[in-house]
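For the protein sequence lines, the chains are X and D, in the order given. Numbers 1 to 187, taken from UniProt numbering, label the letters of the first sequence in order. Numbers 1 to 187, taken from UniProt numbering, label the letters of the second sequence in order.
There are 2 protein chains.
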Amino acid sequence: MVKLQVDGRKARGEKRRTELIEATLRIIERDGVAGVTHRTVAAEAGVPTTSTTYHFSSLDDLLVATLISCARDMATEVYWMIDRARSRGSRGAEEVAALLAEALGPRRGRTMAEYELYLLAARKPELRPAARRWLDVLTSMVRHDDEVAFRVFLAGIDGLLIQGLIDDEPPSAEELRPVVDYLLKPR
Amino acid sequence: MVKLQVDGRKARGEKRRTELIEATLRIIERDGVAGVTHRTVAAEAGVPTTSTTYHFSSLDDLLVATLISCARDMATEVYWMIDRARSRGSRGAEEVAALLAEALGPRRGRTMAEYELYLLAARKPELRPAARRWLDVLTSMVRHDDEVAFRVFLAGIDGLLIQGLIDDEPPSAEELRPVVDYLLKPR
DNA sequence: TTTGTTTTGGGACGATCGTTCAGGTAGTTT
DNA sequence: AAACTACCTGAACGATCGTCCCAAAACAAA
Numbered sequence: 001m002v003k004l005q006v007d008g009r010k011a012r013g014e015k016r017r018t019e020l021i022e023a024t025l026r027i028i029e030r031d032g033v034a035g036v037t038h039r040t041v042a043a044e045a046g047v048p049t050t051s052t053t054y055h056f057s058s059l060d061d062l063l064v065a066t067l068i069s070c071a072r073d074m075a076t077e078v079y080w081m082i083d084r085a086r087s088r089g090s091r092g093a094e095e096v097a098a099l100l101a102e103a104l105g106p107r108r109g110r111t112m113a114e115y116e117l118y119l120l121a122a123r124k125p126e127l128r129p130a131a132r133r134w135l136d137v138l139t140s141m142v143r144h145d146d147e148v149a150f151r152v153f154l155a156g157i158d159g160l161l162i163q164g165l166i167d168d169e170p171p172s173a174e175e176l177r178p179v180v181d182y183l184l185k186p187r
Numbered sequence: 001m002v003k004l005q006v007d008g009r010k011a012r013g014e015k016r017r018t019e020l021i022e023a024t025l026r027i028i029e030r031d032g033v034a035g036v037t038h039r040t041v042a043a044e045a046g047v048p049t050t051s052t053t054y055h056f057s058s059l060d061d062l063l064v065a066t067l068i069s070c071a072r073d074m075a076t077e078v079y080w081m082i083d084r085a086r087s088r089g090s091r092g093a094e095e096v097a098a099l100l101a102e103a104l105g106p107r108r109g110r111t112m113a114e115y116e117l118y119l120l121a122a123r124k125p126e127l128r129p130a131a132r133r134w135l136d137v138l139t140s141m142v143r144h145d146d147e148v149a150f151r152v153f154l155a156g157i158d159g160l161l162i163q164g165l166i167d168d169e170p171p172s173a174e175e176l177r178p179v180v181d182y183l184l185k186p187r
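Right under this line is the structure:
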């Protein structure tokens, strides 16, 4: 006999868990991982302080859960970008350039949060699979006849993003376009 | 009349300043920026706690000074790498691959510290010139007939480094070599 | 030696931190 | 209804935090 009705208590708990994760992500986007404390997260989510310790055994657990969730979103985003490009029959240069420009412009805070995940993953091996997820998605979806060229492409995307983060003003899609073209051009 | 003999007091102070910066860098390499406090830095340097507040008006100032110093070292390192490659008459692929392998292997902690500078610079505009310094050194030293190819090269280096940081084990110079070759190959 | 400047370092203050705990509420099962 | 489980939350503890204060020491200039 399968349980169709879920436990209302667990449902509420699960909902609050995601609310806390979302609040944590907002704080990371705004102030970085350094700004994450039990109290700031609770205030951002509008819940009492102890709620974070109840649902996450420690602050570290909350951070790990948040950044894993963040990485999952990034992976699905990459997935749909590829899907979009394919449905248009393009090789993807335009879509990639647009995605990069958006990541460095309106979604700049989110991009910074994602690279804080990278650095946290460098120190915490448990986070590495999550940090590599978008790389894996790309690797599994894209046909790569040239292994080396594909690795260069992946590295180039990461480099463009992290360098774009320290530009005084974010580069536009038009500025990024030739570089992305170069990265995608076969030889 | 020019003062030839420096003030002994200021000399001592300057020495301790650099000691504090070096201690801070060691802590960042080991535990990340999150591990930097007045007390941990002072303990690492073997000086009393208040020494950090005396020589640096705030913790933030200490961090900024440390990461600027770190960036300067990185820039001179890049400078000498290019110089070394030139004296051998090579195009630099081997030297670059070796440098990357070293950055991701024995000097992994230092590399992580450098990318924490990147992320800090993304949030603090005052740090951006320091974070861009090694890029500027490369740009000024290397003749780039192809602007786009050069930008791809710079991005590729950054991408290889940050992706190498989340690998379960650091890539070797041999593994990196074909990718670096591809990045440097003119077309 | 006297006076002034810079560095040193111990002690302490208030704020904030992560986490614990116990009592209370809501929902499920019997 | 009673027993049980899961979630909620206010209060509080000890630890650690950044920073300030002030007297002592080291050094330079007079």
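We put the beta carbon where it would ideally sit given N, CA and C, even for glycine.
ask   = In chain order, what residues of the same chain lie with their CB nearer than 7 Å to the CB of A75 (chain D), ignoring the 5 residues before and after it?
value = Locating residue 75 (chain D) in the second sequence gives position 75, where the first residue counts as 1. Sequence-distant Cβ neighbours of A75 (chain D) in its own chain, meaning closer than 7 Å and more than five residues away, are R133, W134, V137.
Positions along the UniProt domain "HTH tetR-type" (14-74) of chain D whose CB lies within less than 9 Å of some CB in chain X = D31, G32, V33, A34
ask   = Which residues, taken in chain order from the segment 93-115 of chain D, show a beta carbon closer than 9 Å to some beta carbon of chain X?
value = R108, T111, M112, Y115
ask   = By DSSP, does S57 (chain D) sit in helix, in strand, or in coil?
value = Locating residue 57 (chain D) in the second sequence gives position 57, where the first residue counts as 1. In the structure shown, S57 (chain D) sits in coil (DSSP, three-state: anything other than H, G, I, E or B).
query = Is it a yes or a no for the segment 151-171 of chain D touching the segment 82-91 of chain D, going by three-plus beta-carbon pairs under 8 Å?
reply = The segment 151-171 of chain D vs the segment 82-91 of chain D: no contact.
Closest by C-alpha distance to A42 (chain X), when choosing among X:L20, X:R30, X:Y54 = The residue given as residue 42 (chain X) occupies position 42 in the first sequence. The residue with the shortest Cα to Cα distance from A42 (chain X) is X:L20.
is_contact[D158 (chain X), chain D] using C-beta, thresh 8 Å = Residue 158 (chain X) sits at position 158 when you count from the first residue of the first sequence. Judged by the 8 Å Cβ criterion, D158 (chain X) is in contact with chain D.
Close-in-space but distant-in-sequence residues of the same chain around V180 (chain X) (CB under 6 Å, 5 per side omitted) = Here the question's residue 180 (chain X) lines up with position 180 in the first sequence. For V180 (chain X), where only same-chain residues beyond five positions count, the Cβ hits under 6 Å are A93, V96, A97.
ask   = Do G32 (chain D) and E114 (chain D) come within 8 Å of each other at the CB atom, strictly closer than that value?
value = Taking the second sequence and counting its residues from 1, the one referred to as residue 114 (chain D) is at position 114. Taking the second sequence and counting its residues from 1, the one referred to as residue 32 (chain D) is at position 32. Using a Cβ distance threshold of 8 Å, E114 (chain D) and G32 (chain D) do not count as a contacting pair.
ask   = What residues in the segment 132-144 of chain X have a beta carbon less than 8 Å from any beta carbon of chain D?
value = R132, L135
task = Please classify residue 190 (chain X): does DSSP put it in a helix, a strand, or coil?
result = Shown here, chain X extends from 1 to 187; a query on residue 190 (chain X) therefore has no answer.
task = State the DSSP-derived secondary structure class of S172 (chain D), mapped to helix, strand or coil.
result = Residue 172 (chain D) sits at position 172 when you count from the first residue of the second sequence. Correct three-state label for S172 (chain D): coil.
request  = Leaving out five residues on either side along the sequence, give the residues of the same chain with a beta carbon under 6 Å from the beta carbon of I82 (chain D).
outcome  = As a working note, residue 82 (chain D) is residue 82 in the second sequence. Excluding residues within five positions, the ones whose Cβ falls inside 6 Å are M141.
query = Name the chain D residues that come within less than 9 Å of residue 272 (chain X), Cβ to Cβ?
reply = Since the first residue of chain X shown is 1 and the last is 187, residue 272 (chain X) is not available in this structure.
request  = For V6 (chain X), decide whether its Cβ has a neighbour in chain D, counting only Cβ atoms nearer than 8 Å.
outcome  = For the purposes of this step, residue 6 (chain X) is taken as the residue at position 6 of the first sequence. Closer than 8 Å: no.
message = Assuming T24 (chain D) is part of the alpha helix (DSSP H), what are its boundary residues?
response = Along the second sequence, read from residue 1 onward, the residue named residue 24 (chain D) stands at position 24. Secondary structure note for T24 (chain D): its alpha helix (DSSP H) is the uninterrupted segment 8-31.
ask   = Shortest alpha-carbon distance to R84 (chain D) belongs to which of D:C70, D:G156, D:D73, D:L99?
value = The sequence position of residue 84 (chain D) within the second sequence is 84, counting from 1. The candidate whose alpha carbon is nearest that of R84 (chain D) is D:L99.
ask   = Where does D181 (chain X) fall in DSSP's three states?
value = By one-based count along the first sequence, residue 181 (chain X) stands at place 181. If DSSP states are grouped into helix, strand and coil, D181 (chain X) belongs with the helices.
message = Given this structure, state the Cα-to-Cα distance separating G109 (chain X) from A71 (chain X), to the nearest angstrom.
response = For this step, residue 109 (chain X) is matched to residue 109 along the first sequence. For this step, residue 71 (chain X) is matched to residue 71 along the first sequence. The straight-line gap from Cα to Cα measures roughly 14 Å.
request  = Tell me, please, whether the CB atom of P178 (chain X) is closer than 8 Å to any CB atom in chain D?
outcome  = Working through the first sequence from its first residue, we reach residue 178 (chain X) at position 178. Judged by the 8 Å Cβ criterion, P178 (chain X) is in contact with chain D.
Helix, strand or coil at residue 189 (chain X) according to DSSP, with G and I counted as helix = This structure gives no information on residue 189 (chain X), because the portion of chain X shown stretches from 1 to 187.
ask   = Grouping DSSP H, G and I as helix and E and B as strand, with all else coil, what is I68 (chain D)?
value = Translated into the one-based positions of the second sequence, residue 68 (chain D) becomes position 68. Helix, per DSSP.
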